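Notes follow once the structure below has been shown.
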Amino acid sequence: MKPWTLIDKTVTPDGEQMTLSERDGEYAIRVNGLELMTTRRYQSEERLAEIVCEQLKNKTPRILIGGLGFGFTLKAALRALPTTKLIVVAELLEAVIAWNREPSYGLSYDALEHPRVTVLHADVKDVIKKYPNGFDAILLDVDNGPTAFTIQNNGSLYSEHGLEAILTCLKKDGIAAFWSSNKDPSFEKRLAATGMAHSVHRCHAWGKSGPVHQIYLLKKSRSQR
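To convert, note that position 222 of the sequence shown is 287 in our numbering; the numbers rise steadily by one, no gaps.
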């Protein structure tokens, strides 16, 4: 089998080494040698956007995506709701944005240049706090979900205070969606504690086989302020 070729590397805020590698047109991001994501298995990242867009009452929504990855969630949102008013993508690592903007890699150059897309080199937590009632949907694909993998501070997104901030950022009838590589009973309890409608959808990483990922939904009722 052809070996992976190192394309670029960066350092996370926690001091961990993150690399971009390529093999036969497939790209992979790894942290300290452990695979975080690839361009080969992305079905659940697409479903993260599709499930939310199917359920949104507002068909010209403002959407916030936390975590760019390889752009699969962003591209799925653009396809699912071509009438979307605005999609804001918040990505903490500047290198990840640069990798996706490189046309020769064939990742997400076109999506990032879309007139309805704004990309912020920012912590999604800061964006959430800055815009109360700002978005119809918030899609979070940060690390491996509620259990942080690359940046420990990301865990606060999934705390009680983090969920409260997310609900404040959502408009009425808004939906928050959380991608997770594993089932997380503790996080499910925190979702239930909000008093809002919540559910979980399970999806294979690709096709009908391989790892099963979780997509947690949290809906903001009209009584929530």
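We put the CB at the ideal spot given by N, CA and C, even for glycine. Since we're looking at a predicted model, the values are computed, not measured.
No residue range can be given for D208, since it is assigned to no beta strand (DSSP E) and is classified by DSSP as neither H nor E. Inside the stretch 97–158, DSSP marks whole alpha helix (DSSP H) runs of 4 or more residues at positions 108–120, 137–145, from first to last along the chain.
Closest in C-alpha terms to E111, from the list W164, L71, A242, K248, comes A242. By the Cβ neighbour-count rule, V277 is exposed, with fewer than 16 other Cβ atoms within 10 Å of its own. In the structure shown, R166 falls within a helical segment according to DSSP collapsed to helix, strand and coil.
Cβ-Cβ separation between N165 and L172: approximately 5 Å, consistent with a contact (criterion under 8 Å). Annotation: the continuous beta strand (DSSP E) that includes A241 extends over 235–245. Under the 8 Å Cβ criterion, the stretch 196–208 counts as touching the stretch 227–246, having at least three qualifying pairs. Out of H269, V161, E115, E87, the CA that lies nearest to the CA of N247 is found in H269. Scanning the stretch 246–279 for uninterrupted beta strand (DSSP E) segments of 3 residues or longer gives 262–271, listed from N- to C-terminal end. Non-local beta-carbon contacts of D188 in its own chain, meaning distances under 6 Å to residues more than five positions away in sequence, involve L157 in chain order.
The beta carbon of A141 lies closer than 7 Å to those of E111, A114, E115 in the same chain, with the five residues before and after it left out. Taking the CA atoms as reference points, A262 sits about 22 Å from Y196. For K67, the closest C-alpha among the options E225, E87, T77, G80 is that of E87. By the neighbour-count criterion, in which a residue is buried when 16 or more other Cβ atoms sit within 10 angstroms of its Cβ, K122 is exposed.
The continuous stretches of alpha helix (DSSP H) do not include K74, which lies in the beta strand (DSSP E) extending over residues 70–76. Residue pairing by DSSP places V184 opposite V154 in a beta bridge. Secondary structure note for L177: its alpha helix (DSSP H) is the uninterrupted segment 174–177. D79 carries a coil assignment under DSSP once its states are collapsed to helix, strand and coil. By the neighbour-count definition (other C-beta atoms within 10 Å, threshold 16), Q279 is a buried residue.
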